[in-house]
Amino acid sequence: GDAAAGAYMVIATSTMKPKTFCSGHKVAPGDVPSPNSTWAPLHHLYGPCSPAPSSANSTAADVAASMADMVDDDQRRADYIQKRLTGATDDKQPMAFSSRTSQYEKNGQYATNGGLGSVPHLKSLSTTATTNSAPDGTSAVTQTVIIDSGSDVSWVQCKPCPLPMCHRQRDPLFDPAMSTTYAAVPCTSAACAQLGPYRRGCSANAQCQFGINYGDGSTATGTYSFDDLTLGPYDVIRGFRFGCAHADRGSAFDYDVAGSLALGGGSQSLVQQTATRYGRVFSYCLPPTASSLGFLVLGVPPERAQLIPSFVSTPLLSSSMAPTFYRVLLRAIIVAGRPLAVPPAVFSASSVIDSSTIISRLPPTAYQALRAAFRSAMTMYRAAPPVSILDTCYDFTGVRSITLPSIALVFDGGATVNLDAAGILLGSCLAFAPTASDRM
Amino acid sequence: PGFIGNVQQKTLEVVYDVPAKAMRFRTAAC
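Chains as they are written, first to last, in my numbering: chain H, 16 to 455; chain G, 102 to 131.
And the structure:
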């Protein structure tokens with residue numbers, strides 16, 4: 016009866032494991048590529064939906080150890096964002112992509128494929144290559160990048176990018192010399208000045224240099240550049256500004272991705288660069304498993320208007336102190352159909368909403384109430400040791416289906432969002448953690 | 102601040118509508 020009322024969900028444990036094949040998109044009206052927007056598939060970095068899936072297998076022990084590493088790295092990212100929001104003015108970005116290379120960690124981030132540049136086709140190329148070419152006889156070079164709504168400067172590794180100054184990547188290195196539409200940003204240009212804290216002087220030939228210092232000490236440096244970016248099947252963003260990295264030392268980028276697509280609120284981000292065309296509106300859907308696909312959309316194509324009634328809305332807050340980050344106000348949490356008994360004042364601080372922070376963090380008073388309600392609904396399962404900051408974990412060995420209490424987040428204005436089962440557990444642990452203080 | 106992490110965003114369509122100062126959500130979108 017509770018399940019029917021939406022208070023609980025019954026999940027077959029088999030559905031929580033990635034399949035060996037890509038189940039593709041769950042398509043609703045309007046959820047298809049459109050000439051009026053930029054629409055691109057979004058996938059886990061590894062798994063059957065990735066264009067270049069990994070063949071590596073992980074043992075259960077590997078997964079447990081790597082999940083702890085992933086959560087530790089995520090905490091560093093969260094700490095860094097909190098520092099930025101207190102007014103710290105350094106130029107570090109909140110990257111917490113792990114320097115370790117386990118399978119589990121790689122599943123904590125989401126990637127999309129973009130085409131960069133225009134490479135002239137030789138006449139001897141195959142029919143397939145010709146089919147992919149642009150009308151002017153050139154084609155883009157596919158690059159797999161992490162999407163990050165918590166940073167502002169996009170970049171990819173560019174030739175030359177020797178190891179170990181750079182990291183291995185699955186796609187061929189982008190070669191500016193082979194692109195007919197590539198240009199370095201001149202040092203004296205407005206685009207170079209707009210780099211602000213990410214500007215790193217000029218090269219000997221007066222090309223604008225960029226540098227990003229990530230929160231964990233990693234860096235990416237190189238030449239700030241223009242080239243055409245193709246996202247999805249229809250649209251080309253001409254003169255996209257991005258970092259052409261020739262070194263990303265100390266790197267947190269052991270992922271074999273080409274770089275990062277920045278969707279933050281700062282002036283350098285893709286969102287701001289495409290403001291005229293797409294009106295500073297973008298959306299994404301993160302897939303529940305590595306065997307399913309999500310999407311990234313820039314703009315609002317008219318055919319998506321029919322979806323509007325199915326959206327709930329809450330005010331989006333921004334801060335001139337840290338324009339990179341997007342924030343919302345959480346007002347209440349409902350567990351198994353019952354609101355937590357938490358004074359509204361506990362939720363008075365905002366929450367950063369971010370595509371690359373993995374675990375949600377709540378004020379301690381709210382977290383403790385959530386944990387108590389969740390544990391009380393999960394007493395039929397064996398408890399398991401904590402994993403890093405995740406202190407509510409279970410041993411589901413031998414369990415064929417899990418009865419999970421529903422969790423809904425209620426945002427300012429009454430927007431109530433029911434979490435998917437994939438949004439409640441990370442591995443076998445409740446995927447929430449507390450902040451350091453209710454007063455943060 | 103707190104955080105709304107990417108685990109909790111799974112299967113939601115999350116719309117960042119900057120000019121309207123609105124964040125929109127749609128469940129079971131992917």
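Where is the CB? At the ideal position from N, CA and C, for every residue including glycine.
It should be emphasised that the depicted structure is a prediction, and the values quoted were computed from it without experimental measurement.
Neighbour flag for residue i against chain G, beta carbons, 7 angstroms
i	result
Cys300/H	yes
Ala431/H	It should be noted that the sequence gives Thr, not Ala, for residue 431/H. Not one chain G Cβ lies under 7 angstroms of Thr431/H.
Leu441/H	yes
Val156/H	no
Gly309/H	yes
Tyr341/H	yes
Ile252/H	no
Leu100/H	yes
Gly438/H	yes
Ile374/H	yes
Pro7/H	Nothing about residue 7/H can be read from this structure; chain H reaches only from 16 to 455.
Ser284/H	no
Pro66/H	no
Thr145/H	Residue placement at Thr145/H cannot be trusted, given a pLDDT of 24 that sits under 50; what the coordinates show is reported in the next sentence. No, Thr145/H does not count as interfacial toward chain G.
Thr450/H	yes
Pro303/H	yes
Ala93/H	yes
Ser29/H	no
Contact set for residue i: own chain, Cβ-Cβ below 8 angstroms, skip 5 residues either direction
i	result
Val343/H	Thr329, Pro330, Leu331, Leu332, Ser365, Ser366, Ile368, Phe426 and Asp427
Ala130/G	Thr112, Leu113 and Glu114
Arg183/H	Asp271
Contacts that residue i makes with chain G (C-beta to C-beta distance below 8 angstroms)
i	result
Val367/H	Pro102, Gly103, Phe104 and Ile105
Phe326/H	Glu114, Val116, Arg125, Phe126 and Arg127
Asp435/H	Lys111, Thr112, Leu113, Thr128 and Ala129
Ala446/H	Gly106, Val108 and Gln109
Gln97/H	Pro102
His59/H	Here the premise fails: no neighbours, minimum Cβ distance about 11 angstroms.
Leu345/H	Gly103 and Ile105
Residues near residue i in its chain [Cβ-Cβ closer than 7 angstroms; skip 5 each side]
i	result
Cys217/H	Cys202, Cys223 and Gln224
Pro56/H	Thr127, Leu308 and Phe310
Ser275/H	Val160, Ile161, Asp163, Ser166, Ser169 and Trp170
Ala93/H	Thr372 and Arg376
Thr157/H	Asn128, Gly130 and Asp186
Leu188/H	Gln172, Cys173, Lys174 and Cys176
Thr418/H	Tyr23 and Val25
Pro401/H	Cys408
Arg253/H	Asp243
Ile323/H	none
Under 7 angstroms by beta carbon: chain G residues contacting residue i
i	result
Leu377/H	Gly103
Arg295/H	Val119 and Pro120
Pro63/H	The premise fails here: Pro63/H is roughly 16 angstroms from chain G at the closest Cβ pair, so nothing lies under 7 angstroms.
His40/H	Cys131
Under 9 angstroms by beta carbon: chain G residues contacting residue i
i	result
Ala364/H	Pro102 and Gly103
Leu322/H	Glu114, Arg127 and Ala130
Thr329/H	Ala123, Met124, Arg125 and Phe126
Gly6/H	Nothing can be reported for residue 6/H: it is not among the residues displayed for chain H, which extend from 16 to 455.
Close-in-space but distant-in-sequence residues of the same chain around residue i (CB under 6 angstroms, 5 per side omitted)
i	result
Thr236/H	Gly226 and Ala262
Met31/H	none
Ile349/H	Ala423
Pro179/H	none
Ala384/H	Leu355 and Val357
Val327/H	Ala430
One or two residues paired with residue i in a DSSP bridge
i	result
Val13/H	Residue 13/H lies beyond the range of chain H shown here (16 to 455); nothing can be said about it.
Gly103/G	Ser366/H
Glu68/G	Any answer about residue 68/G is impossible in this case: the structure gives chain G only from 102 up to 131.
Arg342/H	Leu332/H and Val367/H
Val86/H	DSSP output for Val86/H lists no bridge partner at all.
Arg376/H	Ala448/H and Phe104/G
Gly130/H	Thr157/H and Thr245/H
Ile439/H	In the DSSP output, where bridge partners are listed per residue, Ile439/H has none listed.
Ser65/H	DSSP output for Ser65/H lists no bridge partner at all.
Phe255/H	Asp242/H
Met24/H	Leu419/H
Tyr409/H	Ala398/H
Tyr125/H	His59/H
Under 7 angstroms by beta carbon: chain A residues contacting residue i
i	result
Ser371/H	Of the protein chains in this structure, namely H and G, none is chain A.
Residue i: CB within 6 angstroms of a non-hydrogen atom of the ligand GDP
i	result
Thr380/H	Looking for the ligand GDP in the displayed structure turns up nothing, as the structure carries no ligands at all.
Problem - beta strand (DSSP E) segments (min. 3 residues) lying fully within the region 158-240 of chain H - result: 170-172, 214-217 and 223-228
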